[in-house]
Amino acid sequence: MTIGNEIREKIAIATKMLLAERMIGPFGHCSARVPDTDLFAILGHKDDHVKDASQISSDDVVLINEEGIVVEGDLDVPGERHIHLEIYKKRPDVQAVVHAHPFGCVAFSIVGRSPKPIWHLCTVFAEGIPIFDSSIQIDTPELGQKVSEVLGAHKAVLLKGHGVAVVGESIEDATVSAVSLERSAQLEITASALGDVREIPTSELTEDLVSLGLTKDEFVRAQWDYWSFRIQEHHKG
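Using this note's numbering, you'd call the opening residue of the sequence shown number 3 and step up by one each time.
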């Protein structure tokens, strides 16, 4: 495998991050465009090769074309590849997609609500998160197109009783954003047991994360490097 090797490695790291956060298990996957090609890299179908997170590598990532057909790699493509492919068709700006099943986000989708902007690490979701109002598996292009239409220009879409799809300018961005969204959802659930949940005022919301002294890119890089280090250290033990 030579095409998209760097992207494959990043998807393997992203998968370990999502597993560590319990956002995916036997199902769930992330993908990314392969630069300078019409191909996409996506985690292969895990049902056929159950592995410990420490064993996941770039070899578990396959390359698919715009029709979702594997053109390089030894594993099958996920059944819900259409979530990824249809989003890429509708959103040329999107470079990566994470589809996960985190309990916090799913809980919100079940009651027909989206997490509020209550945490400064989730300001990228300040414009809201739409909900795809069906729990059906997204295993056809038509269903994938419907999800992409609900997503629109947003950063994420909740799938009722199912999960979430988060998009990004890179695999690092999509993964860090997905983790931050789930943590914010869990934080809101916890806070709501204590009292009324107060949103961050619109005047304080900014994608530049000024309160942290970081740009968005610097924040994503810091989070990605932190998680990469944690994963490497954990698997050494």
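Ideal Cβ placement from N, Cα and C applies to all residues, glycine included.
- Item | Residue range of the alpha helix (DSSP H) that includes A109 | Indexing the sequence shown from 1 puts residue 109 at position 107. That run of the alpha helix (DSSP H) goes F105 to I112.
- Query: Rounded C-beta distance between G114 and I133? I'm assuming under 8 Å.
  - Reply: Numbered from its first residue, the sequence shown carries residue 114 at position 112. Numbered from its first residue, the sequence shown carries residue 133 at position 131. Taking a contact as a CB-CB distance under 8 Å, the pair G114 and I133 counts as one, their CB atoms being some 6 Å apart.
- What is the rounded straight-line gap between the Cα of D125 and the Cα of Q57? Here residue 125 refers to the residue found at position 123 of the sequence shown. Here residue 57 refers to the residue found at position 55 of the sequence shown. Checking the sequence shown, residue 125 turns out to be Thr, not Asp. Distance between the alpha carbons of T125 and Q57 is about 34 Å.
- Enumerate in chain order the residues of its own chain whose CB-to-CB distance from S172 is below 7 Å, with the five nearest sequence positions on each side excluded. For the purposes of this step, residue 172 is identified with residue 170 of the sequence shown, where counting begins at 1. Counting only Cβ-Cβ distances below 7 Å, and skipping sequence neighbours, we find Q97 and A98.
- Item | Residue interval of the beta strand (DSSP E) (run including E23) | Counted from its first residue, the sequence shown places residue 23 at position 21. In the DSSP assignment, E23 falls outside any beta strand (DSSP E), carrying neither H nor E.
- Item | Completely contained alpha helix (DSSP H) runs for the segment 54–134, where each covers 4 or more residues | List check, alpha helix (DSSP H) in window: 83–92 and 105–112.
- From what residue to what residue does the beta strand (DSSP E) around A33 run? If you number the sequence shown from 1, residue 33 lands on position 31. A small fix is needed here, since residue 33 is Ser in this sequence, not Ala. Element bounds for S33: H31 to R35.
- Query: Taking one C-beta from the segment 143–161 and one from the segment 74–90 each time, how about it: are there three or more such pairs within less than 8 Å?
  - Reply: These segments touch.
- Item | CA-to-CA distance, V72 to V212, given in whole angstroms | Position 210 of the sequence shown, counting from 1, holds the residue named residue 212. Position 70 of the sequence shown, counting from 1, holds the residue named residue 72. Because V212 sits at a pLDDT of 45, beneath the cut-off of 50, its placement in the model cannot be relied upon, and the point is left open.
- In whole angstroms, what separates the C-alpha of E11 from that of I112? One-based indexing of the sequence shown puts residue 11 at position 9. One-based indexing of the sequence shown puts residue 112 at position 110. Using only the alpha carbons, I get a separation of about 34 Å.
- Query: What's the gap between the Cα of M19 and the Cα of S230?
  - Reply: If you number the sequence shown from 1, residue 19 lands on position 17. If you number the sequence shown from 1, residue 230 lands on position 228. One C-alpha to the other measures close to 8 Å.
- Quick one: any contact between the segment 192–203 and the segment 156–169, if contact means 3 or more CB pairs under 8 Å? In short, these stretches do not touch, since the Cβ pair count stays below three.
- Message: Using 8 Å as the threshold, is the C-beta distance between I120 and S186 below it?
- Response: Position 118 of the sequence shown, counting from 1, holds the residue named residue 120. Position 184 of the sequence shown, counting from 1, holds the residue named residue 186. Taking 8 Å as the Cβ cut-off, I120 and S186 qualify as a contacting pair.
- Query: Do you know offhand how far I13's Cα is from V178's?
  - Reply: Start at 1 with the first residue of the sequence shown, and residue 13 comes out as number 11. Start at 1 with the first residue of the sequence shown, and residue 178 comes out as number 176. When rounded, the distance between both Cα atoms is 12 Å.
- S59 versus I44, D95 and K162, residue with shortest Cα-Cα distance: Your numbering for residue 59 matches position 57 in the sequence shown. Among I44, D95 and K162, the Cα nearest to that of S59 belongs to I44.
- Residues in its own chain within less than 7 Å of D210 by CB, not counting five upstream and five downstream? Along the sequence shown, read from residue 1 onward, the residue named residue 210 stands at position 208. Confidence in D210 is poor, its pLDDT being 48 and thus under 50, which makes the residue's placement unreliable; the coordinate value appears in the next sentence. For D210, where only same-chain residues beyond five positions count, the Cβ hits under 7 Å are T217 and K218.
- Neighbourhood of E174 by C-beta, 6 Å cutoff - its chain only, sequence neighbours within 5 removed: Stepping through the sequence shown from its first residue, residue 174 is reached at position 172. If we look at E174 and ignore the five residues flanking it on each side, its Cβ neighbours are V222 and W226.
- Message: In whole angstroms, give me the CA-to-CA distance for L41 and A193.
- Response: Residue mapping note: residue 41 aligns to position 39 of the sequence shown, counting from 1. Residue mapping note: residue 193 aligns to position 191 of the sequence shown, counting from 1. Roughly 43 Å between the two C-alpha positions.
- Query: Using DSSP with H/G/I as helix, E/B as strand and the rest coil, what is A16?
  - Reply: Position 14 of the sequence shown, counted from the first residue, corresponds to residue 16. Under the three-state reduction of DSSP, A16 is assigned to helix.
- Message: For F127 and L183, which I take to be in contact (beta-carbon distance under 8 Å), what is that distance rounded to the nearest angstrom?
- Response: What you label residue 127 is simply residue 125 of the sequence shown in a count that begins at 1. What you label residue 183 is simply residue 181 of the sequence shown in a count that begins at 1. With 8 Å as the limit, F127 and L183 qualify as a contact, their Cβ atoms being about 6 Å apart.
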